[in-house]
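Report on the structure given below.
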Amino acid sequence: MERKVSVNETLGTVYDIDSEYKLLHVSNKYVDEVTLFVASTYYFSKEYTFTESFDDIYESLQNADAILDKSSETFVLINNQDEICCTAKILKKMDCQCRLPIEKEFGFNLNYFDENHIYEFARFASNGNISFSIIKKMLLKMMQLVPIEEMRTFASIDKEVCRKLIRLGFPLYELGTSKFYIGTETVPIGINIRELKSMMLGVGK
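So, in structure tokens, the structure goes:
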């Protein structure tokens with residue numbers, strides 16, 4: 006069941022991706038339309054399994070995002086009808102009181118690291134109609150707007166997807182035991198952003 010969600014461009018800064026898509030960048034602000042899109046995409050996907058109701062999943066993500074978005078960069082790929090097609094967030098760990106999903110859900114303690122900022126990719130969701138070339142442009146623009154090459158960057162993704170990406174040469178590293186999280190078997194990972202950016206720039210040339 007596909008749910009179309011629209012978003013207001015005035016919430017942030019808009020960048021052209023190509024003739025069909027634009028990228029909306031919102032800093033440190035909760036955007037409920039993004040949370041609704043992510044909840045809908047996960048919940049109604051055949052690849053995910055939930056025992057909770059949609060309203061429960063949506064409310065759970067709302068509560069989490071309302072806190073995390075205070076120190077996050079949100080990216081929303083929208084079409085010419087202002088409908089959301091893909092989302093992603095870069096969450097920033099600003100202090101010891103801020104617990105990223107990889108800490109809260111997988112028991113990591115990132116307070117031991119000396120870096121000023123630690124980042125986590127999160128809330129990646131797509132309506133399934135976006136080509137890899139568009140996603141690549143989106144990711145490269147994100148990394149241009151939030152320069153995190155020298156920082157420690159984490160994420161949690163579907164276990165099977167992770168292993169497929171690793172086999173394809175993506176610079177991802179499993180960091181611990183997987184668990185069932187947001188509808189799928191999920192594994193915590195580390196990301197070499199410098200290598201990922203170089204790989205993305207090389208793909209399609």
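Numbering of the sequence shown is given in this note's numbering, commencing with residue 6 and proceeding in unit increments.
The C-beta atom is built at its ideal place from N, Cα and C for all residues, glycine as well.
Backbone CA spacing between residue i and residue j [nearest angstrom]
| i | j | result |
| --- | --- | --- |
| Asp37 | Phe55 | 21 Å |
| Ile72 | Arg104 | 10 Å |
| Val192 | Asp163 | 6 Å |
| Met204 | Val12 | 31 Å |
| Lys97 | Asp74 | 9 Å |
| Ser65 | Ile187 | 10 Å |
| Tyr47 | Ile62 | 9 Å |
| Arg168 | Gln149 | 26 Å |
| Lys51 | Phe118 | 38 Å |
| Leu82 | Thr92 | 6 Å |
Exposed unless 16 or more other CB atoms sit within 10 angstroms - verdict on residue i
| i | result |
| --- | --- |
| Arg128 | buried |
| Tyr26 | buried |
| Leu70 | The sequence given here places Asp at residue 70; Leu does not occur at that position. With 16 or more Cβ atoms within 10 Å of its Cβ, Asp70 is classed as buried. |
| Phe152 | Reading off the sequence, residue 152 comes out as Pro, not Phe. When all chains shown are included, Pro152 counts as exposed. |
| Thr182 | exposed |
| Glu14 | exposed |
| Leu173 | exposed |
| Thr189 | buried |
| Ser161 | buried |
| Leu29 | buried |
| Thr125 | It should be pointed out that residue 125 corresponds to Glu in this sequence rather than to Thr. Classification of Glu125: buried, given that the 10 Å Cβ count is 16 or more. |
| Ile177 | This sequence places Leu at residue 177; Ile is not what is there. That one is buried. |
| Phe111 | buried |
| Phe159 | buried |
| Phe137 | exposed |
| Phe113 | buried |
Same chain, Cβ closer than 8 Å to residue i, five either side skipped, listed in chain order
| i | result |
| --- | --- |
| Lys109 | none |
Cβ shell of residue i (< 6 Å), same chain only, five flanking positions each side left out
| i | result |
| --- | --- |
| Lys94 | Ser77, Thr79, Ala127 and Arg128 |
| Val10 | Glu38, Leu41, Phe42 and Ile89 |
| Val31 | Leu16, Gly17 and Thr79 |
| Asn132 | Cys90 |
| Ile123 | Lys98, Leu115 and Arg157 |
| Val19 | Lys27 and Leu29 |
Secondary structure of residue i, DSSP reduced to three states
| i | result |
| --- | --- |
| Ile153 | coil |
| Leu173 | coil |
| Ile22 | coil |
| Ile187 | coil |
| Thr40 | helix |
| Val10 | coil |
| Thr15 | helix |
| Leu180 | coil |
| Lys3 | There is simply no residue 3 to check, as the chain begins at 6 and stops at 210 in what is shown. |
| Lys202 | helix |
| Lys94 | strand |
Own chain partners of residue i with C-beta closer than 7 Å, once the 5 adjacent residues on each side are dropped
| i | result |
| --- | --- |
| Tyr35 | Asp70, Ala71 and Asp74 |
| Asp21 | Lys27 |
| Leu144 | Met205 |
| Asn85 | Glu25 |
| Leu180 | Pro193, Ile194 and Gly195 |
Practice task
May I have a chain-ordered list of the alpha helix (DSSP H) segments no shorter than 4 residues that lie completely inside the region 44-89?
Solution key: Within the region 44-89, the complete alpha helix (DSSP H) runs of at least 4 residues are 59-73.
Exercise for the section: Write down every uninterrupted run of the alpha helix (DSSP H) in the region 96-139 whose length is 4 residues or greater and which is fully enclosed by it, in chain order. Expected result: Entirely contained in the region 96-139, the alpha helix (DSSP H) runs reaching 4 residues are, in chain order, 106-111.
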